[in-house]
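Student: This structure is in structure tokens; I'll ask about it shortly.
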Amino acid sequence: MKEVIVSMKNIVKTFPGVKALDNVNFELRSGEVMALLGENGAGKSTLMKILSGVYTKDGGTMTIFGKEYDNLTPKQAQEVGVAIIHQELNMCRHLSVAENMFLGRERVGTVMLKNAEMEAEAAAILNDLKIDINPRQIVGELPVSRQQMVEIAKALSIHAKVLIMDEPTSALTAKEIDELFRIIRKLKEDGCGIVYISHRLDELKAIVDRVTIMRDGQYITDGDFDSMTMDQIIANMVGREIKEQFPRVECEKGKKIFEVKNLNAGRQVRDISFSLYEGEIVGFAGLMGAGRTETTRAIFGVDPKTGGQIFLDGKEVRISCPMDAIKAGIVLAPEDRKKDGLCTKLSIRHNLALPNLDLVCDKLGVIRNSREDKLCEEAVKNLMIKTPNVEINAANLSGGNQQKVVVGKWLARNSRVVIFDEPTRGIDVGAKVEIYNLMNKLKQEGIAVMFVSSELPEVLGIADRVIVMCDGRITGEVMARETTQNEVLKYATEFEKKQVG
Ligand SMILES: Nc1ncnc2c1ncn2[C@@H]1O[C@H](COP(=O)(O)OP(=O)(O)OP(=O)(O)O)[C@@H](O)[C@H]1O
Ligand SMILES: [Mg+2]
């Protein structure tokens, strides 16, 4: 059997009001990929932050390469070869790729930093990984998926022997995921132990050897991936049976609610026309970069439009800023919840109340606490937001629960059109079903639902009609029940093919 390189026993960690880890056991061997699985808020990131020295444990023992550590610091962790790629990107956006990779361990000459040397080494590492990025490029100018690759290169540049990846694929394209898996396999051969956290259960089988399952801050079980069925894994994660991963409800298609005509905005939104009807969920499929997010932003008034019209219930509405859209009853749950969807430094209460001040204030403009309480209470109850109370900062919620707050703030309003952009990204299986049910509920109430998602199984499982985009244009429209993933993919790559051929 392979050597045990990390052993964590009875780990306890408490945050104010939350027992994040309650006697958790975890073991990692060299040359294996260990999937760490659990619902949002189960404690996965917290456990891995302890292993990488970001947090200090309150109790339990932690042994890394045979040595016990009580107060591991991030620097010590790095020295023993533990690297972590955080769930939320952790780059200095204004620094270059090479500067980020060597942050905190810069090569210092007699007077100045040895920039050329660091850049050359960064280039060598990137090259070795077949990642085509210039080490001099400023990180903030790279798309998120490329930033993610830099994080990975950075972790590798310290010659990690324990590599923790906390949801590395949540922002990657299919091609980049393949690239990542190739790198993971290579590291494995070199004897590196890898902890892999992901809510995309379908990708596990490509790389995972063993799994550890956590629930509510507790260790549930571990074992060989091959010895468990996906149903067993899911049942262990959520502690109950999930009957249907994609619960669809049937509704009669009603009248037209919303129409977009010849919308143009920048290069990524070209002549987009479509309608949404009562009683249906319309999925927007496509590859990353197809222009779906840009379309939602143009509709919602975040980005300027260069042409086109928007109609709600047959009347034209002019939207030049998000407030216009909100007033008209068109709301958006954006893709990047941390940057665009939440004020992470504010409490859940304030996040929920902020866009609804008109509802929580009285005639004199004074906030009525009772109204705010009611609004929060309903959001927490309807969406099952997992938190001790609503005074907690949004930053301290787990990823999935943050997403629920983003959606929750719109539910208090009588919206006509709700646009969801990748609403289930980074969300666990149980919470995904809750979000689907929420969309179903809106659909039943006669609200138009636009559902952008890069995961085809959920688009085909939840939407009624699917519009496919490629390179800023609509390239196809299909009925979800009658189509296949292949057909959708064909439309999603249509334009590229035309260009090549
Ligand atoms: N700095 C913090 N302060 C207060 N509470 C925290 C903090 N960090 C985490 N928590 C809480 O600890 C619990 C575990 O959170 P953690 O982020 O480890 O979950 P997770 O399993 O990584 O979830 P996800 O899959 O959503 O990323 C949650 O209830 C979370 O709200
Ligand atoms: Mg996490």
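The sequence shown maps to residues 10 to 510 in this note's numbering. Just so it is clear, CB atoms sit at the ideal spot from N, CA and C, and this is done for glycine as well. Small disclaimer: the values here were computed from a predicted structure and weren't measured.
What number of angstroms, rounded off, separates the C-alpha of residue 166 from the C-alpha of residue 92?
Tutor: Locating residue 166 in the sequence shown gives position 157, where the first residue counts as 1. Locating residue 92 in the sequence shown gives position 83, where the first residue counts as 1. About 10 Å.
Student: Rounded to the nearest angstrom, how far is the Cβ of residue 305 from that of residue 430, given a contact under 8 Å?
Tutor: Here residue 305 refers to the residue found at position 296 of the sequence shown. Here residue 430 refers to the residue found at position 421 of the sequence shown. Residue 305 to residue 430, Cβ: 5 Å. Contact.
Student: Applying the 10 Å Cβ sphere with the 16-neighbour rule, what's the burial state of residue 198?
Tutor: The count along the sequence shown starts at 1 and reaches residue 198 at position 189. With fewer than 16 Cβ atoms within 10 Å of its Cβ, residue 198 is classed as exposed.
Student: So is residue 433 buried or exposed if we call it buried at 16+ other beta carbons inside 10 Å?
Tutor: Position 424 of the sequence shown, counted from the start, is the residue given in the question as residue 433. Flag for residue 433 reads buried.
Student: Label residue 55 either buried or exposed according to how many other C-beta atoms from any shown protein chain fall within 10 Å of its C-beta, with 16 as the threshold for buried.
Tutor: Here residue 55 refers to the residue found at position 46 of the sequence shown. When all chains shown are included, residue 55 counts as buried.
Student: Between the Cα of residue 261 and those of 48, 187, 457, 16, spot the shortest distance and give me the residue it belongs to.
Tutor: Taking the sequence shown and counting its residues from 1, the one referred to as residue 261 is at position 252. If we check each option's Cα against that of residue 261, 457 comes out closest.
Student: Give every residue of the same chain whose Cβ lies closer than 7 Å to the Cβ of residue 510, excluding the five residues on either side of it in the sequence, and list them in chain order.
Tutor: In the sequence shown, residue 510 corresponds to position 501, counting from 1. With a pLDDT of only 38 at residue 510, under the threshold of 50, the placement of this residue in the model should not be trusted; the figure read from the coordinates follows. Nothing meets the Cβ criterion.
Student: Does residue 259 pass the burial test, meaning 16 or more other C-beta atoms within 10 Å, or should it be called exposed?
Tutor: As a first step, residue 259 must be located in the sequence shown, where it is residue number 250. With fewer than 16 Cβ atoms within 10 Å of its Cβ, residue 259 is classed as exposed.
Student: Any beta-carbon of chain D closer than 8 Å to the one on residue 47?
Tutor: Judged by its chain identifiers, the structure shown contains no chain D, having just a single protein chain.
Student: Would you say residue 53 touches ligand 2, meaning its beta carbon is less than 7 Å from a heavy atom?
Tutor: If you number the sequence shown from 1, residue 53 lands on position 44. Yes; taking the cut-off as 7 Å, the Cβ of residue 53 has a heavy atom of ligand 2 nearer than that.
Student: Work out the CA separation of residue 196 and residue 385 for me, nearest whole Å.
Tutor: Residue mapping note: residue 385 aligns to position 376 of the sequence shown, counting from 1. Residue mapping note: residue 196 aligns to position 187 of the sequence shown, counting from 1. Distance between the alpha carbons of residue 385 and residue 196 is about 46 Å.
Student: Classify residue 284 as helix, strand or coil using the three-state DSSP reduction.
Tutor: Residue mapping note: residue 284 aligns to position 275 of the sequence shown, counting from 1. Looking at residue 284 - three-state DSSP - the assignment turns out to be strand.
Student: With a Cβ-Cβ cutoff of 8 Å, do residue 302 and residue 273 count as a contact?
Tutor: As a first step, residue 302 must be located in the sequence shown, where it is residue number 293. As a first step, residue 273 must be located in the sequence shown, where it is residue number 264. No.
Student: To the nearest angstrom, report how far apart residue 42 and residue 83 are at their CA atoms.
Tutor: Position 33 of the sequence shown, counted from the first residue, corresponds to residue 42. Position 74 of the sequence shown, counted from the first residue, corresponds to residue 83. Cα-Cα distance, rounded: 22 Å.
Student: With a threshold of 7 Å (Cβ to nearest heavy atom), would residue 29 be considered close to ligand 1?
Tutor: Taking the first residue of the sequence shown as 1, we reach residue 29 at position 20. Yes; taking the cut-off as 7 Å, the Cβ of residue 29 has a heavy atom of ligand 1 nearer than that.
Student: Count the C-beta pairs between the stretch 145-159 and the stretch 168-187 that are closer than 8 Å, then say yes if the count reaches three, no if not.
Tutor: Touching, per the Cβ criterion.
Student: Go ahead and pull the three-state DSSP assignment for residue 273.
Tutor: One-based indexing of the sequence shown puts residue 273 at position 264. Strand.
Student: For residue 410, does the count of other Cβ atoms within 10 angstroms reach 16, so buried, or fall short, so exposed?
Tutor: Indexing the sequence shown from 1 puts residue 410 at position 401. It is buried - the Cβ of residue 410 has at least 16 other Cβ atoms within 10 Å.
Student: According to the neighbour-count rule (16 or more other Cβ atoms, all chains shown, within 10 Å of its Cβ), is residue 508 buried or exposed?
Tutor: In the sequence shown, counting from the first residue as 1, residue 508 sits at position 499. Legend: pLDDT at residue 508 = 47, less than 50; position of this residue unreliable, no value from coordinates given.
Student: Between 138, 376, 38, 121, which lies nearest to residue 73 when the distance is taken from Cα to Cα?
Tutor: In the sequence shown, residue 73 corresponds to position 64, counting from 1. Considering only alpha carbons, the answer is 38.
Student: Which of helix, strand or coil does DSSP assign to residue 352?
Tutor: Residue mapping note: residue 352 aligns to position 343 of the sequence shown, counting from 1. Correct three-state label for residue 352: coil.
Student: On the DSSP letters alone, give me the boundaries of the beta strand (DSSP E) that residue 36 sits inside.
Tutor: Counted from its first residue, the sequence shown places residue 36 at position 27. From DSSP, the beta strand (DSSP E) with residue 36 extends over 27-38.
Student: Going by alpha carbons, who is nearest to residue 366 out of 116, 140, 418, 276?
Tutor: Taking the sequence shown and counting its residues from 1, one reaches residue 366 at position 357. Residue 366 has its Cα closest to that of 418, out of 116, 140, 418, 276.
Student: Between residue 61 and ligand 1, is there a pair consisting of the residue's CB and a ligand heavy atom that are separated by less than 7 Å?
Tutor: As a position in the sequence shown, residue 61 is number 52, starting the count at 1. Incorrect: residue 61 has no Cβ contact closer than 7 Å to ligand 1.
Student: Determine the extent of the alpha helix (DSSP H) in which residue 362 is found, giving its start and end residues.
Tutor: In the sequence shown, counting from the first residue as 1, residue 362 sits at position 353. Residue 362 -> alpha helix (DSSP H) spans 357-362.
Student: Identify every residue that forms a DSSP beta bridge with residue 460.
Tutor: Locating residue 460 in the sequence shown gives position 451, counting from the first residue. In the DSSP output, where bridge partners are listed per residue, residue 460 has 292, 429.
Student: Which runs of the beta strand (DSSP E) at least 3 residues long sit entirely within the stretch 465-497? Give them in chain order.
Tutor: With a minimum length of 3 residues, the continuous beta strand (DSSP E) runs that stay inside the stretch 465-497 are 474-479, 482-488.
Student: With a threshold of 7 Å (Cβ to nearest heavy atom), would residue 408 be considered close to ligand 1?
Tutor: In the sequence shown, counting from the first residue as 1, residue 408 sits at position 399. Under cutoff, so the answer is yes.
Student: Write down every uninterrupted run of the beta strand (DSSP E) in the stretch 305-356 whose length is 3 residues or greater and which is fully enclosed by it, in chain order.
Tutor: Listed in chain order, the complete beta strand (DSSP E) runs (minimum 3 residues) inside the stretch 305-356 are 316-321, 324-326, 339-342.
Student: Out of 391, 244, 218, which one is the CA nearest neighbour of residue 36?
Tutor: Counting from 1 along the sequence shown, the entry for residue 36 is found at position 27. For residue 36, the nearest C-alpha among the options comes from 218.
Student: Suppose you measure from the CA of residue 501 to the CA of residue 461; what does that come to, to the nearest Å?
Tutor: For the purposes of this step, residue 501 is identified with residue 492 of the sequence shown, where counting begins at 1. For the purposes of this step, residue 461 is identified with residue 452 of the sequence shown, where counting begins at 1. Cα to Cα, the separation comes out at about 13 Å.
Student: Whose C-alpha, out of 20, 134, 283, is nearest the C-alpha of residue 265?
Tutor: Residue numbering aside, residue 265 sits at position 256 when the sequence shown is read from its first letter. The residue with the shortest Cα to Cα distance from residue 265 is 283.
Student: Is it buried or exposed for residue 48, if we count other Cβ within 10 angstroms and need 16 for buried?
Tutor: Here the question's residue 48 lines up with position 39 in the sequence shown. Looking at its Cβ environment, which holds 16 or more other Cβ atoms inside 10 Å, residue 48 is buried.
Student: Is it true that the stretch 351-366 meets the stretch 396-404, where meeting means three or more beta-carbon pairs spaced less than 8 Å apart?
Tutor: With the cut-off at 8 Å, the stretch 351-366 and the stretch 396-404 touch.
Student: DSSP state of residue 123, grouped into three classes?
Tutor: Sequence index remark: in the sequence shown, residue 123 carries index 114 (1-based). It is coil, neither helix nor strand.
Student: Suppose the cutoff is 6 Å on Cβ atoms and the five residues either side in sequence are ignored; what does the same chain contact list for residue 469 look like?
Tutor: Working through the sequence shown from its first residue, we reach residue 469 at position 460. Excluding residues within five positions, the ones whose Cβ falls inside 6 Å are 489.
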